[in-house]
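Heads up: the sequence shown runs through residues 918 to 1368, numbered per this note's numbering.
Cβ atoms here follow ideal geometry from the backbone N, Cα and C, with glycine treated the same way.
Given the structure is predicted, the values throughout are model-derived calculations rather than measurements.
Read through the structure below, which is laid out as C-alpha cells, and then see the notes.
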Amino acid sequence: MKVTIFGSGYVGLVTGACLAESGHQVICVDIDENKINQLKEGMIPIYEPGLETIVKENSKLGRLVFTTNIKKAVEFSNIQFIAVGTPPDEDGSADLQYVLSVANSIAEYMKNDQIVIDKSTVPVGTADKVAKLISEKLKQRNSQHQFHVVSNPEFLKEGSAIGDFMKPDRIIIGTDNDHVKKAMRELYTPFNRNHDRIIFMDIHSAELTKYAANSLLATKISFMNEIANLSELLGADIENVRIGIGSDPRIGYDFIYPGCGYGGSCFPKDVQALIKTASQNDYTTELLNAVESVNYRQKGVLFEKIKNHFNGEENLKGKIIALWGLAFKPNTDDMREAPSRNLMESLWNSQATIQAFDPEAMEETQRIYGERNDLTLMGTKESCLKNADFLVVCTEWKQFRAPDFNSIKSLLSEPIIFDGRNLFDPILLKEKDITYYAIGRGTNNLNYQSL
C-alpha cells in the first residue's frame, strides 16, 4: 500500500520506517527542510535503537522517501497519517495548530478519496475538528471527494519503539466505517499475524484510550514515589515493598519503580492535557491533579537530599558534582521534562558546578544549555568522577548498574552517592564506607513538608 506520513519526528519517523520495513511504499513529509535533507543523507535526528538501520535500508530500496513537497505527498496516496507534534499550550491543553494545519493541507491538495489517520496524541474530539475543517475546505473547492477520519493512537515507548510497532500489544483503531476497517486491517496485516491485535472502537473512545493509558502509568509511578517517601519516614525499604506488592498478579512489577520523577514527551504532557480536557467539561480530576503534583515534588527530592546532607544550600557553593544520566530514561536522548534538568538548575542556582555524562543525551544537553562555565560534559562515566565532590545518578542506564565502587571512592573527594533510581545495594555501599542516599530505602533525611 502507498502511505503518506505528515511529520518526521519521533512518531512519524518510527511509523514510516516500520511501515516501509513491512513492504509498504511510504513518503514522509515535513516542513523542516534541514531535517528532511538530513534524513535523505541517512542522518537520524533522534536516538532510537534500531531506527537508523531500517531508515537507511528502506531509503536505499526506495520504499521510504522524504520530502518537503506537501502537494506531492498528498497526491502520493489515499492514506494520510497525521503524526505531528501536539505540544502543551500555556494552560496545559494540547496545541492542535500543527494537526489542523496538516488537515488543511490534505483538504487543499487531495484529488481522490482519502483516509485521514490521526496518529498524534490528541484530545477527544480532535477527529471531529479535523473532519469539519476538511469538509469546509472541500466545500470551498467545490470538491466531491469523500474522506474518513480515523483515530489510530500510537503506543510507542522511547527506547523500544521499533519492537513496539513491529510486535504491538494492541492496535487501536477508531472508526465505524466498514470500508475504512478493511483498509486499516490490510495496512496492519504484517503486524497482526500471530493473533488479532486490532481493536476497533468508536473514535472518541480511541482518542481517550491513549490518554487514559499514559495517565494510568503515570499514576502508578507517582503512587510508588508517595510510598517511597513514606517508607523513609517509617524506616521501611521501598524495594522490599515493591517486590511484595508486585508479586500480586493484579498489580505486577511494571511501572512500580520509585525514583526522582517521570519525564519525557508523553506522561507530563498527556496528564496535563487530560486534566485540561476534564476542566473544559466542568469535571475536576482530583486523582490526576495529585499525580502531577506528586511528580513535581518528586523532581526536587534529590536536591533536597543533597542540600540537607550539606546542612544548607549555601554550603553547595563551589561544589563539583559528578552526574550520571541526563536523558529522562535509558535508551533515548530525550531530555524533555527530565528530572536531571530540575536537579542541574537547582545546583546551578546554588553556585555548584556539574560534570555530567550520558551515553546518548550529551548533544541534546549541549543544545538546551549551550556553553556554560558550570557545566562540563565528560566523555566517560569515570572521567565525571575526577575532582568531583560526590556522585548523583539520575538515569538508570545499564552501564551505571555495576560500577567499580572502589574506584568511585578513590576518585571522589567525599565518598557520597545520591541515587535517584535505586540502582545500588545499601548494605554493600555501607560495607565500602560509602555514604548512600536512595529513594525510599529507610533513610529519613527529608522534611517532605518543605518540598
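Compute the Euclidean distance between the alpha carbons of residue i and residue j, then round it to the nearest angstrom.
{"i": "I1168", "j": "A1255", "result": "26 Å"}
{"i": "D1187", "j": "A1020", "result": "22 Å"}
{"i": "T921", "j": "F1227", "result": "56 Å"}
{"i": "N1069", "j": "T1126", "result": "10 Å"}
{"i": "D1165", "j": "R1159", "result": "10 Å"}
{"i": "V1039", "j": "N1029", "result": "26 Å"}
{"i": "Y1365", "j": "I1144", "result": "Its pLDDT being 46, under 50, Y1365 is placed unreliably by the model, and the measurement read from it follows with that caveat. Between Y1365 and I1144, the C-alpha separation is close to 12 Å."}
{"i": "L1147", "j": "A1355", "result": "13 Å"}
{"i": "F983", "j": "T970", "result": "16 Å"}
{"i": "A1130", "j": "E1348", "result": "42 Å"}
{"i": "S939", "j": "P1107", "result": "6 Å"}
{"i": "E1053", "j": "H1065", "result": "14 Å"}
{"i": "N1111", "j": "M1083", "result": "12 Å"}
{"i": "K1326", "j": "K1222", "result": "20 Å"}
{"i": "D1095", "j": "I1192", "result": "33 Å"}
{"i": "G1287", "j": "R1114", "result": "45 Å"}
{"i": "T1202", "j": "N1142", "result": "20 Å"}
{"i": "S1018", "j": "E1209", "result": "30 Å"}
Is DSSP giving residue i helix, strand or coil here?
{"i": "P1185", "result": "helix"}
{"i": "T1065", "result": "For clarity, residue 1065 is His in the given sequence; the question names Thr instead. H1065: strand per DSSP, three-state reduction."}
{"i": "M1372", "result": "With the chain represented from 918 up to 1368, any question about residue 1372 goes unanswered, as that position is not in the structure."}
{"i": "Y1353", "result": "strand"}
{"i": "A1000", "result": "coil"}
{"i": "V982", "result": "strand"}
{"i": "P1107", "result": "helix"}
{"i": "T1293", "result": "strand"}
{"i": "S1367", "result": "A caution first: S1367 carries a pLDDT of 48, below 50, which makes its placement in the model unreliable, though a value can still be read off. Here S1367 sits in helix by DSSP."}
{"i": "T970", "result": "helix"}
{"i": "A1190", "result": "helix"}
{"i": "D1081", "result": "helix"}
{"i": "P1371", "result": "Residue 1371 is absent from the model: the chain starts at 918 and stops at 1368."}
{"i": "A1011", "result": "strand"}
{"i": "I1090", "result": "strand"}
{"i": "V1019", "result": "helix"}
{"i": "F1172", "result": "coil"}
{"i": "F1117", "result": "strand"}
{"i": "D1045", "result": "helix"}
From the DSSP output, which residues share a beta bridge with residue i?
{"i": "Q942", "result": "K919"}
{"i": "W1241", "result": "F1274 and V1310"}
{"i": "F1335", "result": "V1309 and Y1354"}
{"i": "Q860", "result": "Here the chain has residues from 918 to 1368 only, and residue 860 is not among them."}
{"i": "D1095", "result": "In the DSSP output, where bridge partners are listed per residue, D1095 has none listed."}
{"i": "P1005", "result": "A1011"}
Leaving aside the five residues before and after residue i along the sequence, list all residues of the same chain whose C-beta is less than 8 Å from its C-beta, in chain order.
{"i": "E1331", "result": "D1306, F1307 and T1352"}
{"i": "A1269", "result": "L1233, K1234, G1235, K1236, I1237, I1238 and D1291"}
{"i": "L1329", "result": "A1239, L1302, A1305, D1306, F1307 and L1308"}
{"i": "I1285", "result": "M1252 and R1258"}
{"i": "H1062", "result": "M1027, K1028, N1029, D1030, Q1031 and L1055"}
{"i": "N1361", "result": "Confidence at N1361 is low in this model, with a pLDDT of 49, below 50, so the placement of that residue should be treated as unreliable; the coordinate-derived value is given next. Closer than 8 Å at Cβ, skipping near neighbours: E1149, L1150 and G1152."}
{"i": "S1182", "result": "Y927, E1075, D1251, R1253 and E1254"}
{"i": "K957", "result": "S976 and F983"}
{"i": "L968", "result": "L930, V931, A934, I961, A1078 and I1079"}
{"i": "D1093", "result": "D1119 and I1120"}
Short of 6 Å in beta carbon distance, which residues of its chain neighbour residue i, apart from the five on each side in sequence? Order them along the chain.
{"i": "N1259", "result": "K1216"}
{"i": "G1152", "result": "G1359"}
{"i": "M1118", "result": "G1091"}
{"i": "E1262", "result": "none"}
{"i": "D1006", "result": "D1012"}
{"i": "K1224", "result": "E1230"}
{"i": "Y1170", "result": "G1163"}
{"i": "H941", "result": "M918 and V920"}
{"i": "F1322", "result": "K1349"}
{"i": "R1087", "result": "R1114 and I1116"}
{"i": "Q1272", "result": "A1239, T1293, M1295, C1301 and A1305"}
Report all residues from its chain with a CB closer than 7 Å to the CB of residue i; omit the five preceding and five following residues, and keep chain order.
{"i": "D947", "result": "G924, S925, I953 and T985"}
{"i": "I987", "result": "V946, S1022 and Y1026"}
{"i": "E1156", "result": "N1339 and R1358"}
{"i": "G1180", "result": "F1245, R1253, E1254, A1255 and P1256"}
{"i": "W1314", "result": "G1242, P1247 and P1276"}
{"i": "A937", "result": "V943, N975, R980 and L981"}
Between residue i and chain D, is the shortest Cβ-Cβ distance under 8 Å, so that the two count as touching?
{"i": "N1157", "result": "Here there is only one protein chain, and chain D is not present."}
Any heavy atom of the ligand GDP closer than 7 Å to the beta-carbon of residue i?
{"i": "D1006", "result": "In the structure on display, the ligand GDP does not appear, and there are no ligands present to speak of."}
_Whether or not the stretch 969 to 980 and the stretch 1007 to 1014 are in contact is what I'm after, with contact meaning three or more pairs of Cβ atoms, one per stretch, closer than 8 Å; do they touch?_
Touching, no.
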